[in-house]
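Below is one structure, written out as structure tokens; the observations come after it.
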Ligand code: HEM
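In the numbering used here, the protein residues as written are 321 to 752.
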């Protein structure tokens, strides 16, 4: 397209060379419009370069990747971009502030906040529990849980599918895996519901208060397991702690907390987002439901890309001065890889804004890459496949209430709904 008369061409490369964290670009990554439809913002971000300076609530100014290549390079180079401040001339953990409560800082003692060798030591303790083969064997249990949750909805007209299904399924699965008692599930479910509603500064402060209560609950639970071992991952970790040098008490608490939080909120958002996506794309939904057994696996990969439940990774520090994709980054500056924008990169994905359930190959970064790639990827995939399969087997004609004005959470870095009102059309589906 020709340049409009009177408009000076923009020299993106010169602008990039001058880019600095002192002059972050004005890009809204937390507003309702962005959560509802992020593609216009992604285009704007990409136009400004593969790595751009932005400002985020609580974190402040930070470099952010916009392309697939830059995001992949950032997460793969775990020596250049590090999580532990001491590896970049800083103190503490990237993104963690001195004023955050002690309970939060304590929880930062986990694999996702560690560089090697501590990261490897911690991840090795749980890697086996999340390996593909073992996870696939969990399918019948996950199906049973999904069916039970759907049984509870029978006869109801309009329900909040997020609270009653998309949140409960992954929560119950991870509680079982950890070996938490059934009666504790409800306490965790209630806690998670409180946290999920938050957004903005006051919401964030409420989150901190809620986490303190959660830590108390978990500590008590770990003590009970110590006194009377039972099945599940917590018992295994308690045994590893007793072994001596594998993990200490705070790491144990932090690990359980990480698995619990990383293990269900993200998956909740993918399941609910997938339902929205399918309802917004009836032709794609019809294609999937025509042969779900054959098509589900590939479809869930595309849904993971398109929903982008985790939009940005944890911030890292640059461990040295570096020229990275056209910008100069100084040691100690913050960097965030942004899988959501990477997965909308037209150089890698044909018509990225469109949901194409048969997309193949699909090298999305929804579960990231590098040493910190998602530990629970196989579990998240299984849960989402089962959740969609069972839901639509029973309620193929469900309808989302107010699909054009969905209630997105405004938390930075994640894309998730606060609620999902759905009319199940039970009579129709029972007759079908
Ligand atoms: C749709 C669901 C999920 C998505 C989109 C997702 C996404 C991600 C992403 C992008 C990362 C990299 C974060 C970073 O490098 O800063 C990550 C790491 C991680 N995820 Fe997930 N995740 C999901 C579900 C789960 C589940 C079910 C678990 C199971 C417990 C889990 C456990 C973890 C853990 C422990 C890490 C840190 C790994 C490490 O530091 O080595 N995630 N996830």
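Yeah, the Cβ is synthetic: ideal placement off N, Cα and C, and Gly gets one too.
Alpha carbon to alpha carbon, how far is residue i from residue j?
{"i": "residue 510", "j": "residue 716", "result": "29 Å"}
{"i": "residue 741", "j": "residue 489", "result": "17 Å"}
{"i": "residue 695", "j": "residue 701", "result": "12 Å"}
{"i": "residue 737", "j": "residue 725", "result": "11 Å"}
{"i": "residue 657", "j": "residue 368", "result": "15 Å"}
{"i": "residue 413", "j": "residue 618", "result": "36 Å"}
{"i": "residue 749", "j": "residue 585", "result": "Its pLDDT being 43, under 50, residue 749 is placed unreliably in this model, and the value from its coordinates should be taken loosely. Cα to Cα, residue 749 sits roughly 29 Å from residue 585."}
{"i": "residue 730", "j": "residue 355", "result": "7 Å"}
{"i": "residue 340", "j": "residue 366", "result": "16 Å"}
{"i": "residue 691", "j": "residue 698", "result": "16 Å"}
{"i": "residue 322", "j": "residue 371", "result": "Confidence at residue 322 is low in this model, with a pLDDT of 34, below 50, so its placement is unreliable and the value that follows should be read with caution. Their backbone Cα atoms lie some 26 Å apart in a straight line."}
{"i": "residue 452", "j": "residue 343", "result": "44 Å"}
{"i": "residue 405", "j": "residue 411", "result": "5 Å"}
{"i": "residue 448", "j": "residue 566", "result": "15 Å"}
{"i": "residue 563", "j": "residue 583", "result": "26 Å"}
{"i": "residue 589", "j": "residue 643", "result": "35 Å"}
{"i": "residue 459", "j": "residue 409", "result": "46 Å"}
{"i": "residue 471", "j": "residue 665", "result": "41 Å"}
DSSP puts residue i in a beta bridge; with which residues?
{"i": "residue 677", "result": "None; residue 677 has no bridge partner."}
{"i": "residue 479", "result": "742"}
{"i": "residue 648", "result": "643"}
{"i": "residue 637", "result": "402 and 654"}
{"i": "residue 380", "result": "376"}
{"i": "residue 345", "result": "374"}
{"i": "residue 434", "result": "Answer is none; residue 434 lacks a bridge partner."}
{"i": "residue 737", "result": "728"}
{"i": "residue 720", "result": "742"}
{"i": "residue 493", "result": "DSSP output for residue 493 lists no bridge partner at all."}
Apply the 10 Å Cβ neighbour rule to residue i and answer buried if 16 or more other Cβ atoms are within range, or exposed otherwise.
{"i": "residue 653", "result": "buried"}
{"i": "residue 338", "result": "exposed"}
{"i": "residue 359", "result": "exposed"}
{"i": "residue 676", "result": "buried"}
{"i": "residue 542", "result": "buried"}
{"i": "residue 667", "result": "exposed"}
{"i": "residue 551", "result": "exposed"}
{"i": "residue 703", "result": "buried"}
{"i": "residue 684", "result": "buried"}
{"i": "residue 659", "result": "buried"}
{"i": "residue 561", "result": "buried"}
At least three beta-carbon pairs within less than 8 Å, the stretch 601 to 608 to the stretch 638 to 656: The stretch 601 to 608 makes no contact with the stretch 638 to 656; the number of CB pairs closer than 8 Å stays below 3.
Any 3 or more C-beta pairs closer than 8 Å across the stretch 634 to 648 and the stretch 575 to 585: Touching, no, given that fewer than three Cβ pairs across the two stretches are closer than 8 Å.
Three or more C-beta pairs below 8 Å linking the stretch 386 to 396 and the stretch 617 to 628: By the Cβ criterion, the stretch 386 to 396 is not in contact with the stretch 617 to 628, since fewer than three pairs of Cβ atoms, one from each stretch, lie closer than 8 Å.
Validate contact between the stretch 563 to 574 and the stretch 425 to 437 using beta carbons, cut 8 Å, 3 pairs: Yes, they touch.
contact_flag[the stretch 436 to 450, the stretch 702 to 713] where n(CB pairs < 8 Å) is 3 or more: Counting Cβ pairs under 8 Å, fewer than three are found: no touch.
Cβ contact (3+ pairs, closer than 8 Å) linking the stretch 670 to 686 and the stretch 465 to 482: Short answer: they don't touch.
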